[in-house]
Structures are given as C-alpha cells and as structure tokens.
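Numbering (the numbering used here) for the sequence shown: 89 to 416.
No residue lacks a Cβ here, since even glycine has one placed at the ideal position from N, Cα and C.
Have a look at the structure below, then the notes.
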Amino acid sequence: MRKIVLSTVFGLFALTAFAQPGAVHQAAKLMGCGFELTAIHEDPVVAREAVKAGIEEISRIERLISSWDENSQTSAINRNAGIEPVQVDEELFQLIRRSLKVSGLTDGAFDISFAAIEKLYVFDGSAQELPPEDEVARSVAKINYRNIILDPDKHTVFLKEKGMRIGFGAIGKGYAANRARAVMKGMGIESGLVNASGDLTCWGKQEDGKDWGIAIADPDDKMKAIAWLPVGEGAVVTSGDYEKYFVAGGRRYAHIIDPRTGYPTTGIKSATIVCPDTELADALATSVFVLGKEKGLALINQLKGIECLIVTEENEILSSNNLEIQYE
Ligand code: ADP
Ligand code: MG
89 MRKIVLSTVF GLFALTAFAQ PGAVHQAAKL MGCGFELTAI HEDPVVAREA
139 VKAGIEEISR IERLISSWDE NSQTSAINRN AGIEPVQVDE ELFQLIRRSL
189 KVSGLTDGAF DISFAAIEKL YVFDGSAQEL PPEDEVARSV AKINYRNIIL
239 DPDKHTVFLK EKGMRIGFGA IGKGYAANRA RAVMKGMGIE SGLVNASGDL
289 TCWGKQEDGK DWGIAIADPD DKMKAIAWLP VGEGAVVTSG DYEKYFVAGG
339 RRYAHIIDPR TGYPTTGIKS ATIVCPDTEL ADALATSVFV LGKEKGLALI
389 NQLKGIECLI VTEENEILSS NNLEIQYE
C-alpha cells in the first residue's frame, strides 16, 4: 500500500490518505502551491489523460482569478476600483457572487476585499512589527464586501471605492479543486482525489474498493495515525498553513486577516472543514479562523452536512457536534 502524506498542519498533525498502486498520481505547482491529482481507472492511459486535463483546468482558473497576474480579469477589476465597472466572464462573476454569499453567511468574516490591506503584510515567517495603526485604519476602511457591486445584466463587477482590491486566496484553491474533479469525472474517472496543499476532495472509492479516509497523524510520529476521519466522497480543507505567518511582539500571526480590524487573526492554529463542496469548505475554513473558536463552532453547528475540527493556539482540539472521528 502506498501512503501519501497529503498535508502537514503546523507539524502538529499530518493528514494522510492511502491509495493503492495502479492509480495515476501527479504533482504540480499551481496557484503558488503544490497540487496532487490522483485518478483511478482500469486504463492507465485514460487516467493519465484525465490528470493532465485536471492540471490544465487549474492553470486556466489561475489565469482568470490571479490578482498578481496583470493580465487577469481580476486585476482589471482591481485597477478600475472607484473608476468603472468591468465586464467579466460568467465564471468569474459567479465566483464573486458565491464569495459574497459566504460573506453574508459569516457576517463579513470572509471577505475577498480583504486584499486592500494585503500589501501591509509579508507572511514569510519572519519577525516584523505590526504595521502602523494609521495605515491599518486607512486600508481597513476599504474592506467591505457590500461595496463589491455586481450587475447581472451587464455582467460587470465594480469596486465602489478607490483603493479597494479583491483576492481569492481563501476560496480559489477550493474552486480549482472542484473544477479539476469535474473535468476528471467528465473524462470517465469515477474514483479520484485532488489535493491542493491540504484542500482536498475525493470521490468514488480507493482502488481496493474501500472508502476514502483521512488519517490524522500522531503529532510525535507523523507516520502513525491516531485517528481516522472517514470522508467517503467529499472535501476536507485545512486552513492555517504554518509557512505563512509572521511573529510580532513574541506572538505568531496567521496569514488570515480579520476584515473588521485589519489585523491578522490569532487564537486558532488550524481549522479543518469537512463537507461535500471544496470551495465552500475552503471559504469556511478561513471564516472559522476569523470568527474564533466559539463563534466559528456555533456557525458550523448550524450548517447541515458541514463539520469542523479546530486546533487552538493552546493546542486544544475542538470539533463540531456531528464530526465523525474514529479513534484506533
Ligand atoms: P490556506 O492557504 O492555509 O489554505 P486559507 O484558505 O484560509 O488558507 O487562505 C488564506 C488566504 O486568504 C490568505 O493568504 C489571503 O490571501 C486570503 N485572506 C486572508 N484573510 C481573508 C479574509 N478574511 N477573507 C477572505 N480571504 C482572506
Ligand atoms: Mg480558505
């Protein structure tokens, strides 16, 4: 049996899935992170073609949504903030519409217009000062998802104020994983897995006919599982990449910004969401960070079919009411 380490959460946990030989796996660097695609099919040629198409699909989405690529439609929206509405593809329009829905659901904890403040922070693990208060105040005033104006007739997106900016860092990987899965399924792959650096979706069965599951590794021995999260078909997404953080005044700050304050969140080390949809899981994992453990769990407990596992800064492990964990 081949064992793939899918993701490491802060070196405290590793999420591991098991796949059988025969499945085609491919790793690729996309959207600034490591993806791994797995296709299981009796014909390896079909599996390889599907994995290739999945990777192409993710690159296509990256070109559409990247706010770093000057030529993307997202950059055009940002350049025209406070100036004029920008016409965009249906796909980007709908992604923004869904992002705004999550903002509504989370009372603004999730907000793609957080990006107005992005330039004040460098999350490269270094020690830094928190940015000056007046600069934070100026940038945080530009964060407000209600000022992202969609016109469904003209298919335009308008950022109402100058200095506004949007970015899909907290939802794009989940969307891309959903799309890669759809493309692979469309090519006849009835069982497979897409892992976007810890944002993963699996469908069908493993090659041996068993359900997909995620092993939660022993913090002291990553090759040893302490618990098992049955996933079957669906998504498991973890937020809280420990490579993206900075330290100020002896405190560690995550790369997730609280849109209300403009400061990075503290309190939660990792948030894992289990639900059928990778994009929603991605957005909600980020939201839970911002909401904190109490409000975050309260929100997840209200949502049917969505579960959550939180590791706090104090290494407390909390889970939503119906999370199914099997201990060995
Ligand atoms: P990870 O990269 O660990 O999977 P997330 O999915 O939570 O983490 O994405 C974090 C990224 O989301 C940040 O790097 C940033 O680009 C963006 N982001 C930060 N804060 C917010 C927020 N409050 N709402 C939406 N996006 C955010
Ligand atoms: Mg996210």
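Residue i - containing alpha helix (DSSP H), residue span
i	result
serine 155	Counting along the chain, serine 155 falls outside any alpha helix (DSSP H), and DSSP gives it neither H nor E.
threonine 366	366-390
aspartate 212	Segment: none, aspartate 212 is in no alpha helix (DSSP H) and carries neither H nor E.
asparagine 417	Only positions 89 to 416 of the chain appear in this structure, which leaves residue 417 out of reach.
valine 190	178-193
Enclosing beta strand (DSSP E) for residue i [first to last residue]
i	result
glutamate 404	First-last for glutamate 404: undefined, no H or E at that position.
phenylalanine 334	333-336
threonine 126	121-128
arginine 339	339-342
lysine 250	From DSSP, lysine 250 is part of no beta strand (DSSP E); its letter is neither H nor E.
alanine 268	Here alanine 268 belongs to no beta strand (DSSP E); instead the alpha helix (DSSP H) covers 260-274.
valine 227	For clarity, residue 227 is serine in the given sequence; the question names valine instead. Serine 227 -> not in any beta strand (DSSP E); alpha helix (DSSP H) instead, spanning 221-228.
threonine 421	The structure shown does not extend to residue 421, since the chain is modelled only from 89 to 416, so the question has no answer here.
serine 201	Element bounds for serine 201: n/a, residue is neither H nor E.
tryptophan 54	Outside the shown range of the chain (89 to 416) lies residue 54, about which nothing can therefore be said.
alanine 111	Looking at the DSSP string, alanine 111 is not in any beta strand (DSSP E), and its letter there is neither H nor E.
threonine 354	Unbroken run through threonine 354: none, as it is neither H nor E.
asparagine 283	279-284
aspartate 239	236-239
Close-in-space but distant-in-sequence residues of the same chain around residue i (CB under 8 Å, 5 per side omitted)
i	result
glycine 255	Ser155, Thr162, Ile200, Phe202, Ala203, Glu206
proline 219	Leu208, Tyr209
asparagine 168	Val174, Phe246, Leu247
glycine 276	His129, Val134, Ala138
serine 147	Leu118
C-beta contact flag for residue i and residue j at 8 Å
i	j	result
valine 271	alanine 359	no
serine 408	asparagine 389	yes
alanine 197	valine 399	no
aspartate 370	aspartate 239	no
serine 279	isoleucine 128	yes
leucine 125	alanine 268	yes
tryptophan 300	glycine 320	yes
glycine 170	lysine 250	yes
glutamine 114	valine 139	yes
leucine 183	glutamate 150	no
lysine 357	glutamate 401	yes
glycine 322	threonine 353	no
isoleucine 143	alanine 164	no
threonine 244	leucine 387	no
glutamate 295	alanine 111	yes
alanine 315	glutamine 414	yes
glycine 262	glutamate 172	no
arginine 253	asparagine 166	yes
Beta carbon proximity, residue i to chain B, threshold 8 Å
i	result
alanine 303	In the displayed structure, chain B is absent; only one protein chain is listed.
Nearest-angstrom Cβ-Cβ length linking residue i and residue j, presumed shorter than 8 Å
i	j	result
phenylalanine 418	alanine 284	A question about residue 418 goes unanswered here, because the residues of the chain that appear run from 89 up to 416.
arginine 339	tyrosine 333	In fact, because the Cβ distance is near 10 Å, the residues do not count as touching under 8 Å.
glycine 380	glycine 355	5 Å
glycine 297	isoleucine 153	Contact doesn't hold; Cβ gap of about 37 Å is too wide.
proline 347	isoleucine 231	5 Å
Heavy atom of ligand 3 within 7 Å of residue i beta-carbon
i	result
aspartate 346	As for ligand 3, it is missing from this structure, which binds only ligand 1 and ligand 2.
Same chain, Cβ closer than 7 Å to residue i, neighbours up to 5 away in sequence not counted
i	result
arginine 185	Leu238
phenylalanine 211	Lys332, Tyr333, Phe334, His343
asparagine 410	Glu395
alanine 258	Phe198, Asp370, Ala371, Thr374
Cβ-based neighbour list, residue i, same chain, cut-off 6 Å, excluding 5 preceding and 5 following
i	result
glycine 292	Glu278, Ser279
valine 335	Ala215
valine 362	Val324, Glu395
isoleucine 405	Val399
glutamate 145	Arg267, Ala268, Val271
aspartate 177	none
arginine 136	Val112
Specify whether the segment 186-195 and the segment 205-220 touch according to this definition: at least 3 beta carbon pairs, one from each stretch, less than 8 Å apart. Output reads no: the segment 205-220 does not touch the segment 186-195.
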